[in-house]
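Participant: With my numbering as the guide, the letters of the sequence shown map in order to residues 1 to 173.
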Amino acid sequence: MDKIRVMIPEEKVEARIKELAEQISRDYEGKSVRLICILKGSVFFTCELAKRITVPVTMDFMSVSSYGNGTESTGRVKIIKDLDEPVQDENILVIEDIIDSGRTLSFLLDMLKARKPESIKLCTLLDKPDRRVTEVKVDYTGFEIPDEFVVGYGLDYAQNYRNLPYIGVVESE
């Protein structure tokens, strides 16, 4: 059994999601936005964010992987599930759980830009800038965190701990 230390408590996560939704709603006022939820990790964040955005929202899902079951990115990006609907002429907001190296998001954003959306922005719950190896412009950030392996609120360790209502750090015993 792993020991989990709370890094960001549930109340703080919820409050920040509300603030992000308010900012996104202001930025897209008079428009609609398609949320692109990056599975599996960002599903909790995307749902909570979508409930609080006041402009018209549609959702689609992608699954990409560069981790497998480990804690280090492999550097190879694999599209597991692509979008169901085209994004041409749409305002799209890519929703991620965490950005660390930036490799996966850089690849994904370039692929989506080639599909000619009206606009494309990026929103992440967590950002680890110390791990960045590929520059990625993040438009909306929940929290900037240090280089620790985190779980909860959709983030997992070998598919465990996604359901924690807070952001925690796995500490080895």
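Here a beta-carbon is modelled for each residue, glycine too, at the ideal position from N, C-alpha and C. Model, not experiment: these values are computed from the prediction.
What do you get for ILE79, buried or exposed, if any count of 16 or more other CB atoms within 10 angstroms of its CB means buried?
Facilitator: Position 79 of the sequence shown holds residue 79. By the 10 Å Cβ count, ILE79 comes out exposed.
Participant: In the DSSP output, which residue or residues are listed as bridge partners for LYS191?
Facilitator: The structure shown does not extend to residue 191, since the chain spans only 1 to 173, so no value can be given for it.
Participant: Expressed to the nearest angstrom, what Euclidean distance is found between the alpha-carbon atoms of ILE98 and GLU10?
Facilitator: Counted from its first residue, the sequence shown places residue 98 at position 98. Counted from its first residue, the sequence shown places residue 10 at position 10. Going by the C-alpha atoms only, they are around 17 Å apart.
Participant: Between which two residues does the alpha helix (DSSP H) harbouring ASP100 extend?
Facilitator: For the purposes of this step, residue 100 is taken as the residue at position 100 of the sequence shown. No alpha helix (DSSP H) holds ASP100; DSSP gives it neither H nor E.
Participant: At the level of alpha carbons, what is the spacing between GLY102 and MET1?
Facilitator: For this step, residue 102 is matched to residue 102 along the sequence shown. For this step, residue 1 is matched to residue 1 along the sequence shown. About 30 Å.
Participant: Does the stretch 40-50 come into contact with the stretch 148-165, if we say contact requires no fewer than three beta-carbon pairs (one atom in each stretch) closer than 8 Å?
Facilitator: Flag = yes, the stretch 40-50 and the stretch 148-165 touch.
Participant: Please state whether DSSP places LEU83 in a helix, a strand or coil.
Facilitator: The residue you call residue 83 lines up with position 83 of the sequence shown. Coil, per DSSP.
Participant: Helix, strand or coil: which one does DSSP assign to MET183?
Facilitator: One cannot answer for residue 183 here, as it falls past the ends of the chain, which runs 1 to 173.
Participant: Between LEU93 and LYS51, is the Cβ-Cβ spacing less than 7 Å?
Facilitator: Here residue 93 is taken as the residue at index 93 of the sequence shown, counted from 1. Here residue 51 is taken as the residue at index 51 of the sequence shown, counted from 1. Not a contact, by the Cβ cut-off of 7 Å.
Participant: Have a look at LEU35, THR46, LEU49 and CYS47 and flag the residue whose alpha-carbon is nearest the alpha-carbon of THR58.
Facilitator: The residue labelled residue 58 in the question sits at position 58 within the sequence shown. Closest by alpha carbon: LEU35.
Participant: Quick one: residues in its chain with C-beta nearer than 8 Å to the C-beta of ASP130, no 5 flanking neighbours on either side, listed in chain order?
Facilitator: In the sequence shown, residue 130 corresponds to position 130, counting from 1. Only PRO146 and ASP147 meet the Cβ criterion.
Participant: Let's test the definition: count the other Cβ atoms within 10 Å of the Cβ of THR104 and tell me whether it reaches 16, buried, or not, exposed.
Facilitator: Translated into the one-based positions of the sequence shown, residue 104 becomes position 104. The residue in question, THR104, is buried, as its Cβ has 16 or more Cβ neighbours within 10 Å.
Participant: Between the C-alpha atoms of VAL64 and CYS47, what's the straight-line distance to the nearest angstrom?
Facilitator: The residue labelled residue 64 in the question sits at position 64 within the sequence shown. The residue labelled residue 47 in the question sits at position 47 within the sequence shown. Roughly 18 Å separates the two Cα atoms.
Participant: Taking DSSP as the reference, what is the three-state secondary structure of GLU171?
Facilitator: On the sequence shown, residue 171 is found 171 positions in, with the first residue counted as 1. Correct three-state label for GLU171: strand.
Participant: How big is the Cα-Cα spacing for LYS31 and ILE17?
Facilitator: Working through the sequence shown from its first residue, we reach residue 31 at position 31. Working through the sequence shown from its first residue, we reach residue 17 at position 17. C-alpha separation (whole angstroms): 20 Å.
Participant: Tell me the DSSP secondary structure of SER42 in three-state form.
Facilitator: Start at 1 with the first residue of the sequence shown, and residue 42 comes out as number 42. Reduced to three states, the DSSP call for SER42 is coil.
Participant: Would you report the Cα separation of ARG115 and PRO86, rounded to the nearest angstrom?
Facilitator: Counted from its first residue, the sequence shown places residue 115 at position 115. Counted from its first residue, the sequence shown places residue 86 at position 86. Roughly 8 Å separates the two Cα atoms.
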